[in-house]
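Sequential numbering from 1 applies to the sequence shown in my numbering.
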Amino acid sequence: MTGRFDNQCALVTGAAGGIGQAIVSRLRSEGARVAVADVQTSGIECEAELPGDLTDKYYCDQLCPSAFNALGGLDIVVNNAGVITRGAVTVTTDDDFALSLSVNVEAPFRISRAAIPIMAKRGGGKIVNTSSCWGVRPGPDHAVYCMTKAALASLTQCMGRDHAHQNICVNAVCPNEVDTPMIRTGFEIRGLDPDTAIADLNATVPLGRIAQPEDIADVICFLASDDARYLCGALIEVNGGKPVS
Ligand SMILES: NC(=O)c1ccc[n+]([C@@H]2O[C@H](COP(=O)([O-])OP(=O)(O)OC[C@H]3O[C@@H](n4cnc5c(N)ncnc54)[C@H](O)[C@@H]3O)[C@@H](O)[C@H]2O)c1
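Here you go:
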C-alpha cells in the first residue's frame, strides 16, 4: 500500500508529548521515516532518536543536520514542542519568561533556520509549527504563553511568505484545548481533578469535547503532506467550534 509520506524523512520535536506521539505514529503509519526530538525519547517507535534540551542553542542548531544524517534526508519538520507558563505578567518570573521564549520561539526559529537551506537544496519541504488559538487571540491568565504562540504564528506567516519561492511551505496549526499531559498537569497544579475538569471543559465546546491528540496530529499531517502544497503561512485554527473567550 502506498502512503502519503512514502520516501519522506521527518523531524518532530516534542515527540514524547501527547500531540507529538500522535504525530510520529501517524507520519510513520503513512510511510515516513521519523527522527524524534524530546528531552526523553526512549520507547518512542521511530527511525532515529535525537534526545536533548531545546533551551540548548547548539542542540537546536544541530537537530536538522543530525536528522538529515540519521535518516538520509529531511522533507518535513514539525516544531511541536512547547511549554506553558501560567499567569498574568505580574506573576511571571524571569525564569518563566526566558524558558517560554527559548522553547516556544527561539527553538523553532533556530530549527527552521537550519532546515530551510537543507530543504531548498532538495527542491522543497514542509515546516509545520504548533502554535495555539491563544496565539491568534489572547487567552486569559497566560500572558507570556500567548505572546510566545503569537510570535510563532507571526514567524510562520513570515517564513511562509519568504520561502514559498523555494517550494518550502511553512504553516501552523492553532489548537484550542487538547487532552494531553500539558493540560492535565495544569489542572493538577491548581488542585483540580483532571478528569472532572476535562468533562467541564468538554461542555464548553460546540462539538461536545475538547480535542484528542489525534485530532491535531491529523491536521498537522495534512499540512506536512502534498495535499497542502498550495498553503503558505496559514494559521489553521482547530477548535471544535470553540472561540477563545
Ligand atoms: N494541550 C493543549 O491544550 C494545547 C493547546 C494549544 C497548543 N498546544 C501546543 O501543542 C504542543 C504540544 O503540546 P502537548 O499538549 O502535546 O503537551 P505535552 O506537554 O504533552 O508535550 C510537550 C512536549 O515538549 C517537550 N519539551 C518541553 N520543553 C522541552 C525542552 N526544553 N527540550 C525538549 N523538549 C521539550 C516535552 O518534554 C513534551 O514531551 C505545544 O507546543 C503546545 O503549546 C497544546
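Glycine included, C-beta positions come from ideal geometry on N, C-alpha and C.
*Assign proline 194 to one of three DSSP states: helix, strand, or coil.*
helix
_When you measure from the CB of methionine 147 to every non-hydrogen atom of ligand 1, does any distance come out below 8 Å?_
no
*Can you check whether the CB of alanine 32 is closer than 9 Å to the CB of isoleucine 76?*
yes
*Leaving out five residues on either side along the sequence, give the residues of the same chain with a beta carbon under 6 Å from the beta carbon of glutamine 157.*
Gly233
_What does the alpha-carbon distance come out to for the pair asparagine 254 and arginine 122?_
The displayed coordinates of the chain run from 1 to 245. Any statement about residue 254 would go beyond what the structure contains.
*Considering only the beta carbon of each residue, do isoleucine 183 and isoleucine 210 sit closer than 9 Å?*
yes
*asked:* At a threshold of 8 Å, does cysteine 133 count as lining ligand 1 (C-beta to nearest heavy atom)?
replied: yes
*Do you know how far the Cα of asparagine 129 is from the Cα of valine 173?*
6 Å
*With 16 other CB atoms within 10 Å as the buried threshold, where does histidine 165 fall?*
exposed
*Around the C-beta of glycine 72, are 16 or more other C-beta atoms found within 10 angstroms, so that it is buried, or is it exposed?*
exposed
*Determine, using beta-carbon pairs with one atom in the segment 107-118 and one in the segment 85-97, whether at least three such pairs fall under 8 Å.*
no
*Take the Cβ of tyrosine 145 as the centre, count every other Cβ of all protein chains shown within 10 Å, and call the residue buried at 16 or more, exposed below.*
buried
*asked:* Check for me: the beta strand (DSSP E) holding lysine 126 runs from which residue to which?
replied: 125-130
*Using 8 Å as the threshold, is the segment 9-19 in touch with the segment 39-47, meaning 3 or more CB pairs across them?*
yes
*Who pairs with valine 12 in a beta bridge, going by DSSP?*
Val36 and Val78
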